[in-house]
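Quick notes on the structure that follows.
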Amino acid sequence: MEQTWRQARGAFAAIAAPPLVWLLLFFLVPLGVIWAYSFGENVGPITIDLTGTFANYMRALEPLYLGIFGKSVIVAGVTTLLCLLVGFPVALAIAFASPRMKAWLLLLIMLPFWTNLLIRTFALIAVLREQGYVNFGIEWFWNLASSARELVGMAPLGDYEPLTLLYNNAAVIVGLVYVHLPFMVLPLYSALDRMDRSLMEASLDLGAGHLRTILLVVVPLAAPGIASGVLITFIPALGSYLTPDLLGGTDSQMIANVIERQFKKANDWPFGAALSFLLMYLTFFAIAAQALIQRKPGRR
Amino acid sequence: MTDLATAPAAKPTPHVKENAIIRFENITKRYGKVVAVDNVNLEIREGEFFALLGPSGCGKTTLLRMLAGFETPTEGRVFIDGKDVAELPPNKRPVNMVFQSYAVFPHMKVADNVAYGLKMDGVDGGEIKRRVEEALELVKLGGYGDRMPDQLSGGQRQRVALARALVKRPRVLLLDEPLSALDAKLRDQMRSELTSLQEKVGITFIMVTHDQDEALAIATRCAVMNRGLLAQVATPADLYEFPNSRFVADFVGSVNMFEGVLDKDEQDHAIVRTQELSAPVYLDHGVTGAKGSTVWVALRPEKIEMHKRPEGSSPMKMEDAPAGTNVVAGVIRDIVYLGSETIFEIELESGRRVRTFRSNLTRYDQEDFTWDEPVWLAWHACSPAVLLS
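Chains as they are written, first to last, in my numbering: chain A, 1 to 300; chain B, 1001 to 1389.
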């Protein structure tokens, strides 16, 4: 089948050509232009000379920017880890739900995808800000505790000081976890759902409790799903722009925010291009690492 | 009933003890409105190789999974070794299971698979090593400890599953359709190996199967289930020769069934009249049924003898038929040659078709009869089973 299909060159070309042309024109060519810019110099407000200099990369490797790169990796890493910790039980629960429930639960996981990221982020601001629902909730309990103290004759607690939950690193991570959770849950779910249930039953039957069954049987067998979940969570988290921009403070910007500034306010396209490519190399590194991990148990 | 109708001697089973190791008491399992298991009462004795036999969906697997702890009965109680196990989770029960898919952990070496259960029990390292080797020897997989499961054949993986369960020295070993995934030759071999393995370790084995040949060949006793109900619990020979219902007679082996009316029921003989046979069926034993009630006569194909019937000859007399007292005329309509035996399909005068088997005792036996040949069919008065339901 496959061979005869390939032999029909005309049909193959007719189907393959449009997407190839599209990719070439609107992805590879612009990428090439940016790559060329990264070896250029600003000579006028809108003129860039391609001088072949490495100065942009040297500057990108200065401690200031390396620090931001490192911080981005840490924030994306923590986000991925939290997504894994939250997502694994969720995926497990969905995989074990009844077929009817399963459809609804998956819908709930995917629902945020249908909402614009900007709207979701502003919604999160409404939840986390000082006049937000988290603070309202705590205040309600605070007042309750306060009147309870009065009731038993103790001094009331005094006025509630709202917590500052926004514009810091924690807010960025909360936002990133919220945005990226579906990316983690879906591959985990598909790995767990495919798993032969009798393997878990065998583990229980042989004397393992539920926790040991999960650690010794479920997690190792779901490893490929975990690896792909980690990867497709980590990569977009590393390049996040909107979430740190809206939820972060002055000290919680990530590398994408710096890049954005180079292309807009700073008008330093060559430097922005160099930073972009460094970010891309970092991403390639993550993909290569994942491929290496997956190859190890890949006997089958 | 006369002597001939009594049960044949069971096969010697010295390792079977008197005490019931498993007891199901009024077990019912419902899934919503579907009744999977319907008020089952069953005792299985220590040392038995017991088979739960039935068509798919009859509740046999549900019953097995209740023993393992993967299902909880809706009503009733399950006792293992005299203890009510309702509250015990699977990992606390003194039973182990060999799964239909074998469920060998694909990410562990064979030895680690077998050691898994012992590690969970906190057995110390040296003993684990010794017992794992012993268990692998037992299932003839000595030296395979370092292999990964995907380097093994299906039969070998099953042996790993067996070793992994037996190494824990369970009180009862549960086997879910143990031979269904093997090819025919290997299945025959595993049948006898399972039997000798069970005799060697002396553990009670309980097997679920839909294959009646498998159950008859392996088990010391079988329970036939139908739609959640226990149809009959008996030794393989009793099941085959003395079925208690049409369902059992039909499910276990091949059978010719005639519906009739009980015409005469004496201490030493009975007569059943049926439209499907030209002559009434004479039985050499009494039947416990009311005269005039509907009964079914179940006759196994191999119990029918076939004789040549020259055209125009007078009806065969009883004393001429070596096989005994029941004789009917028919014509051969179909012949299926199977090598070791031949299946004949004979059309009776009533139009009803009857099957009979004939062993090919010599190399020329298969030429004795041909298509459209008139024959007499004869059988002993003790051969048919009379069924009241």
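All residues carry an ideal CB built from backbone N, CA and C; glycine is no exception. Just so it is clear, the structure is predicted and the values come from calculations on it, not from any experiment.
Check, Outcome
"Using C-beta distances below 7 Å, list every residue in its chain close to Glu1311 (chain B), excluding the 5 sequence neighbours before and after it, in chain order.", "Pro1374"
"On the three-state DSSP scale, how would you describe Cys1222 (chain B)?", "strand"
"Comparing alpha-carbon positions, which option in B:Lys1060, B:Asp1372, B:Gly1032 lies nearest His1210 (chain B)?", "B:Lys1060"
"For a contact meaning CB atoms closer than 8 Å, what does Ala1103 (chain B) contact in chain A?", "Asp196, Ser198, Leu199, Glu201, Ala202"
"Could you tell me if Leu1153 (chain B) is buried or exposed, where buried requires 16 or more neighbouring beta carbons within 10 angstroms of its beta carbon?", "According to the sequence provided, residue 1153 (chain B) is Ser. The question's Leu does not apply to it. Looking at its Cβ environment, which holds fewer than 16 other Cβ atoms inside 10 Å, Ser1153 (chain B) is exposed."
"Does any residue of chain B bring its CB to less than 8 Å from the CB of Leu238 (chain A)?", "no"
"Given that a residue counts as buried once 16 or more other Cβ atoms are within 10 Å of its Cβ, and exposed if not, what is Pro1236 (chain B)?", "buried"
"Buried or exposed: where does Glu1177 (chain B) fall if 16 or more other Cβ atoms within 10 Å of its Cβ makes it buried?", "buried"
"For Gly1057 (chain B), which of helix, strand or coil comes out of DSSP?", "coil"
"Buried or exposed: where does His210 (chain A) fall if 16 or more other Cβ atoms within 10 Å of its Cβ makes it buried?", "exposed"
"Roughly how many angstroms separate the alpha carbons of Thr213 (chain A) and Leu107 (chain A), rounded to a whole number?", "28 Å"
"If we ignore side chains and look at the alpha-carbon of each, how far apart do Asn1360 (chain B) and Leu1283 (chain B) end up?", "28 Å"
"Could you tell me which whole beta strand (DSSP E) segments of length 3 or greater appear in the stretch 1079-1118 of chain B?", "1095-1098"
"Check the Cβ of Ala1068 (chain B) against every Cβ in chain A and list those closer than 7 Å, keeping chain order.", "Asp205"
"Check each candidate in B:Arg1164, B:Gly1054, B:Gly1047 and name the one with the smallest Cα separation from Val1252 (chain B).", "B:Gly1054"
"So who's on the other strand from Lys1264 (chain B), going by DSSP bridges?", "B:Ile1271"
"Does any C-beta atom of chain B lie closer than 8 Å to the C-beta of Ala97 (chain A)?", "no"
"Since Phe1099 (chain B) contacts Ala1051 (chain B) with CB under 8 Å, what's their CB separation in whole angstroms?", "Actually they are not in contact, since the Cβ atoms of Phe1099 (chain B) and Ala1051 (chain B) sit about 17 Å apart, beyond 8 Å."
"Glu1043 (chain B) lies in the beta strand (DSSP E); which residues open and close that run?", "1034-1045"
"Within 8 Å (strictly less), CB to CB, does Gly1125 (chain B) reach chain A?", "no"
"Taking only the alpha-carbon atoms, compute the straight-line gap between Ser190 (chain A) and Leu151 (chain A) and give it to the nearest angstrom.", "54 Å"
"By Cβ distance below 6 Å, which residues in the same chain neighbour Val1104 (chain B) in space, the five residues on each side in sequence not counted?", "Asn1113, Pro1149, Arg1157, Val1160, Ala1161"
"Note down, in chain order, all residues in the stretch 1356-1384 of chain B with a beta-carbon under 9 Å from any beta-carbon belonging to chain A.", "none"
"Please work out which residues of its chain come closer than 8 Å, Cβ to Cβ, to Ala1135 (chain B), disregarding the five sequence neighbours upstream and downstream, and give them in chain order.", "Val1114, Ala1163, Arg1164, Leu1166, Val1167"
"Mind checking who Leu1387 (chain B) pairs with in its DSSP beta bridge?", "B:Trp1296"
"Identify which residue in B:Ser1056, B:Pro1089, B:Thr1370, B:Arg1077 has its Cα closest to the Cα of Gly1069 (chain B).", "B:Pro1089"
"Do you know offhand how far Gly1143 (chain B)'s Cα is from Pro1106 (chain B)'s?", "18 Å"
"Around the C-beta of Asn1219 (chain B), are 16 or more other C-beta atoms found within 10 angstroms, so that it is buried, or is it exposed?", "Note that residue 1219 (chain B) is Ala in the sequence shown here, rather than Asn. Buried."
"Ends of the alpha helix (DSSP H) at Asn267 (chain A)?", "Careful: Asn267 (chain A) lies outside any alpha helix (DSSP H) and carries neither H nor E."
"Less than 7 Å between C-beta atoms, sequence neighbours within five positions excluded: which residues of the same chain meet that for Phe88 (chain A)?", "Leu188"
"Please work out which residues of its chain come closer than 8 Å, Cβ to Cβ, to Thr80 (chain A), disregarding the five sequence neighbours upstream and downstream, and give them in chain order.", "His180, Met184, Val230, Thr233, Phe234, Ala237"
"For Tyr57 (chain A), which residues of its own chain have a beta-carbon under 6 Å away from its beta-carbon, when the five flanking residues on both sides are left out?", "Ala274"
"Counting only the same chain and skipping the five closest in sequence on each side, list residues whose C-beta sits under 7 Å from that of Ala1381 (chain B).", "Tyr1282, Leu1283, Asp1284, Gly1324, Thr1325, Asn1326"
"Do the CB positions of Ile1203 (chain B) and Leu1064 (chain B) come within less than 8 Å of each other?", "no"
"The alpha helix (DSSP H) spanning Thr47 (chain A) covers which residue range?", "Looking at the DSSP string, Thr47 (chain A) is not in any alpha helix (DSSP H), and its letter there is neither H nor E."
"For Ser203 (chain A), name the three-state secondary structure that DSSP assigns.", "helix"
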